[in-house]
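Order-wise, the sequence lines are chains A and B. 1 is the number of the first residue of the first sequence in my numbering; add one for each residue after it. 1001 is the number of the first residue of the second sequence in my numbering; add one for each residue after it. C-beta atoms are modelled at their ideal positions from N, C-alpha and C, and glycine is treated no differently. Just so we're clear, the structure is a prediction, and the values are computed from it rather than from any experiment. Here's the structure, in structure tokens; my notes come after.
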Amino acid sequence: MESSTTHASVTNRPPSPEPAATARRLVVLVGSPNVGKSLLFNRLTGAYAVVSNYPGTTVEITQGKAQIGDQEWEVADTPGMYSLLPNSEEERVGRAMVLFAEKPNAVLQVVDAKNLERMLAFTLQLREAGLPLILVLNIMDEAEKRGIQIDAARLSKLLGIPVVATVSTTSRGIGELREAIGRCSPAGEFRVMKYSRRIESALGAIERQLAAEGRPGARGEALLLLQGDADTRSRLSAEAAAAVEATVAECQRGYSQPLRYLIATERQRQASHLAARVMKFAPKRPQSFAERLSAVLINPWTGFPILLLVLYVGLYKFVGQFGAGVAVDFLENTVFGRYLNPAVEALCGRFVPWSPVRDLLAGEYGVITLGLRYGVAIILPIVGFFFLFFSVMEDTGYLPRLAMLIDRVFKKIGLSGRGVIPMVLGLGCDTMATVVTRTLPTVRERIIATVLLALAVPCSAQLGLIFALLHGNSAALAIWAGVLVLVFLLIGFLCARLLPGDPPRFYMELPPLRLPRIENIFVKTYTRIVWYFKEVIPLFILASVLIWLGRLTGLFDLTQKALEQPVRWLGLPPESAKIFIFGFFRRDYGAAGLYDLQKQGVLTGVQLTVAAVTLTLFLPCIAQFVINVKERGIKWGVGISAFILVFSFAIGVGLNALLHALRIVL
Amino acid sequence: MTRCGYCGMEFDEAAAEKACRSCPMSGCRMVRCPRCGFESLPEPRWIRWLKNRRRKDVAER
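Written out as structure tokens, the structure is:
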């Protein structure tokens, strides 16, 4: 469909806000999240932008400049907003910018063309406020691909504002948009939406009260007041506020439902009516194979068995058995065990006369014999195979379908499908995933996700090593997995019950399912392995150095001694205390320690299972602990770690006692 | 342009930088999707160079 710009004639226009000073021309971008507003902002302004907090708030506003015609315009990008009745600080700031504080010369409402019907209600609201509005139908290419046609010229005429179709990713329509901004004048003819007689009568009364305050014809403001908006009321004098309150109360008496709901419903009805007049849909075509497969993946009856199959083949067989079994065996026993370690030990014995330095390089906890061996021979093959598996998952578009599938289960533990993002990223690195909890919409969800990540989501290397340790013992593996799933669900369920707040909501548009491309998978896996070498291997070496220092000063042995008693309560031999110290450095470091211990043959099947469960649930690593404190504050950060320390040992002790009481031999 | 591995959104580096602005983990080099927050690693320079070169070749042909 051609992008078009149409401007209706200016007759009988509703009152517009006071025009800005001629020297300053300001255009403000508004719209709900994820409609391509930021990209559109960049297209208008170029790369340069200034980001600052909106005065008196912590909400960030992006501002830039655009040359439109022969004039320089200021461009401001507001945070995502759905309506002029704010539900968050971000929406409050966005509303203040367009309605009260800035007096923009043009307001661009950016909408996702595919979802025009849903977004037109906000357009009507902005229109009722009499703003100099331009409607931007963005992401037009995707709408066209779905067979949606929008008559922009007709919509422009019906709304009395310019309507421009754009694709911000390719700059399509940006020229027309610039022209529309340059020509922007107060909004044109618009048949003002009528509500029920009772509501219209109350609106009339409030408009008269506003006129007496020196703000004639402010229908948009009157509507906000009628819907009980406290911010708008606080801008009135005490007498006017009291009069408005009485009018609102009188109007409300005639209805059983809140006025806010009634007005929003009527506006949405009108938006649907408007959309029906300007949108055309191509006749439904038969579903493609990818669409049918997508439906199967998100259907609980078929989706969960497929998920189990994916986890079994991808994680257990590919990462656990092949990566942690075959590849680790070759690298550790052949490359390091047969060649590298003996060579390093021989070289150090010959050329390094100082025993502490020899220990640092090639001792029991040496940089090469322990740090590099753990990092390169044990962890690298596991994370490498995990990265490969994860890249395939990513490239096929399976991850968002996984989110849809487990949305219902996650709601029981206070999260939604959106919580899948940090949980899946947690399988890569829990520390990064904890930062990503910021993308969850409520503090309650962020706290629940942080607790679950720190407690019951093992990172890929830890997971792979545990699969490798337990793969020959299916009963032990089943107990480990069962305890972990149970703890995950139980703690999530308890958090959801104990933490106050509304249940989460989740809405997501699914990208198409596609065949993975070899090139993409190679690039993603390679990029992640390079990252691992640069960021993680140095940490392994650092851990070896710290342990070496700890041994020199006696601190390491002291800590190990202190942990020996709690470890005995778990039914484990005292030498396993060190794996918990390793685990606090990094989760995978602890798992690698357990792998070493198992190889020495000092653990029975029950001991191995108890150690694997306790170590998986054990304290987050140092980096994650620091991020927990940074993200959730000192109280939650320390509280979560203290709880996990006690809880993980309690579960381990309980599991050990239960297995012995039932005389289970693994 | 980068394609998000989770929601499929295509975005440029400027939009990703904006999504990362308030993150405390400065210097982590991850690219965050401005729509869903999913993080991925930026492609190494030599891969980008190869891709650009291939695109150029195709355009010239």
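Is any non-hydrogen atom of the ligand ATP found closer than 6 Å to the C-beta of residue i, if you look at the structure I gave you?
{"i": "A/Arg260", "result": "This structure simply doesn't include the ligand ATP, nor any ligand for that matter."}
Suppose you measure from the CA of residue i to the CA of residue j; what does that come to, to the nearest Å?
{"i": "A/Leu499", "j": "A/Thr166", "result": "43 Å"}
{"i": "A/Ala324", "j": "A/Phe389", "result": "14 Å"}
{"i": "A/Glu144", "j": "A/Asp407", "result": "30 Å"}
{"i": "A/Gly417", "j": "A/Gly482", "result": "22 Å"}
{"i": "A/Ala238", "j": "A/Ile413", "result": "46 Å"}
{"i": "A/Leu513", "j": "A/Asp229", "result": "43 Å"}
{"i": "A/Ala21", "j": "A/Glu72", "result": "With a pLDDT of only 45 at A/Ala21, under the threshold of 50, the placement of this residue in the model should not be trusted, and no figure is reported."}
{"i": "A/Gln257", "j": "A/Gly147", "result": "38 Å"}
{"i": "A/Leu594", "j": "A/Thr302", "result": "37 Å"}
{"i": "B/Lys1051", "j": "A/Ala327", "result": "31 Å"}
{"i": "A/Gly375", "j": "A/Arg172", "result": "49 Å"}
{"i": "A/Ile378", "j": "A/Leu108", "result": "55 Å"}
{"i": "A/Tyr261", "j": "A/Phe387", "result": "48 Å"}
{"i": "A/Leu120", "j": "A/Cys621", "result": "48 Å"}
{"i": "A/Gly501", "j": "A/Lys411", "result": "13 Å"}
{"i": "A/Leu84", "j": "A/Met423", "result": "34 Å"}
{"i": "A/Ala461", "j": "A/Gly80", "result": "38 Å"}
{"i": "A/Arg373", "j": "A/Thr396", "result": "34 Å"}
{"i": "A/Ser4", "j": "A/Gln209", "result": "With a pLDDT of 40 at A/Ser4, under the threshold of 50, the predicted position of this residue should be treated as unreliable, though the coordinate-derived value follows. Spanning the two alpha carbons is a distance of roughly 41 Å."}
{"i": "A/Phe351", "j": "A/Phe493", "result": "59 Å"}
Just to confirm before moving on: does the CB-CB distance between residue i and residue j stay below 7 Å?
{"i": "A/Val653", "j": "A/Gly464", "result": "no"}
{"i": "A/Thr442", "j": "A/Thr450", "result": "no"}
{"i": "A/Leu455", "j": "A/Leu617", "result": "yes"}
{"i": "B/Gly1008", "j": "A/Pro511", "result": "yes"}
{"i": "A/Glu394", "j": "B/Gly1037", "result": "no"}
{"i": "A/Ser32", "j": "A/Tyr82", "result": "yes"}
{"i": "A/Ile174", "j": "A/Gln227", "result": "no"}
{"i": "A/Phe582", "j": "A/Tyr589", "result": "yes"}
{"i": "A/Ala577", "j": "A/Gln598", "result": "no"}
{"i": "A/Val610", "j": "A/Leu655", "result": "yes"}
{"i": "A/Thr123", "j": "A/Met97", "result": "no"}
{"i": "B/Ile1047", "j": "A/Val392", "result": "no"}
{"i": "A/Ala403", "j": "A/Val420", "result": "yes"}
{"i": "A/Ala276", "j": "A/Ile181", "result": "no"}
What residue does the beta strand (DSSP E) around residue i start on, and which one ends it?
{"i": "A/Lys114", "result": "Here A/Lys114 belongs to no beta strand (DSSP E), and DSSP marks it neither H nor E."}
{"i": "A/Asn138", "result": "133-138"}
{"i": "A/Glu345", "result": "No beta strand (DSSP E) holds A/Glu345; the alpha helix (DSSP H) holding it covers 341-351."}
{"i": "A/Met279", "result": "279-281"}
{"i": "A/Val28", "result": "26-30"}
Where does the unbroken alpha helix (DSSP H) through residue i begin, and where does it stop?
{"i": "A/Glu213", "result": "Looking at the DSSP string, A/Glu213 is not in any alpha helix (DSSP H), and its letter there is neither H nor E."}
{"i": "A/Leu455", "result": "443-456"}
{"i": "A/Trp569", "result": "555-569"}
{"i": "A/Trp480", "result": "474-498"}
{"i": "A/Asp231", "result": "230-234"}
{"i": "A/Asp70", "result": "No alpha helix (DSSP H) holds A/Asp70; DSSP gives it neither H nor E."}
{"i": "A/Lys412", "result": "398-412"}
{"i": "A/Phe289", "result": "289-298"}
{"i": "A/Thr437", "result": "Element bounds for A/Thr437: n/a, residue is neither H nor E."}
{"i": "A/Cys251", "result": "238-252"}
{"i": "A/Trp531", "result": "518-531"}
{"i": "A/Asn42", "result": "37-45"}
{"i": "A/Met680", "result": "Outside the displayed range of chain A (1 to 666) lies residue 680 of chain A, so it cannot be described from this structure."}
{"i": "A/Ile581", "result": "577-585"}
{"i": "A/Ile368", "result": "Looking at the DSSP string, A/Ile368 is not in any alpha helix (DSSP H), and its letter there is neither H nor E."}
Measure from the alpha carbon of residue i to the alpha carbon of each residue in the options, then state which is nearest.
{"i": "A/Val163", "options": "A/Glu142, A/Leu135, A/Cys184, A/Ile139", "result": "A/Leu135"}
{"i": "A/Arg24", "options": "A/Lys65, A/Met279, A/Ala433, A/Met508", "result": "A/Lys65"}
{"i": "A/Ile640", "options": "A/Leu453, A/Leu347, A/Pro86", "result": "A/Leu453"}
{"i": "B/Glu1043", "options": "A/Glu519, A/Gly419, A/Glu575, A/Gly571", "result": "A/Glu519"}
{"i": "A/Ala612", "options": "A/Ser168, A/Leu477, A/Leu552", "result": "A/Leu477"}
{"i": "A/Leu331", "options": "A/Gln268, A/Arg178, A/Pro381", "result": "A/Pro381"}
{"i": "A/Arg267", "options": "A/Val248, A/Phe304, A/Gly220", "result": "A/Gly220"}
{"i": "A/Ile448", "options": "A/Glu142, A/His471, A/Glu631", "result": "A/Glu631"}
{"i": "A/Leu370", "options": "A/Pro538, A/Glu200, A/Ile644", "result": "A/Pro538"}
{"i": "A/Phe649", "options": "A/Glu74, A/Gly571, A/Arg586, A/Gly605", "result": "A/Gly571"}
{"i": "A/Leu427", "options": "A/Pro132, A/Thr396, A/Thr439, A/Phe385", "result": "A/Phe385"}
{"i": "A/Leu274", "options": "A/Pro86, A/Glu535, A/Asp151, A/Glu250", "result": "A/Asp151"}
{"i": "A/Gly550", "options": "A/Ile368, A/Val602, A/Pro356", "result": "A/Pro356"}
{"i": "A/Arg269", "options": "A/Arg401, A/Lys194, A/Ala475", "result": "A/Lys194"}
{"i": "A/Gln149", "options": "A/Val278, A/Ser201, A/Leu26, A/Phe41", "result": "A/Val278"}
Counting only runs that start and end within the region 591-629 of chain A, where is the alpha helix (DSSP H) found for 4 or more residues in a row?
Correct list: 605-617.
Taking only runs that begin and end inside the region 144-171 of chain A, name each unbroken beta strand (DSSP E) of 3 or more residues, in chain order.
148-150, 163-165
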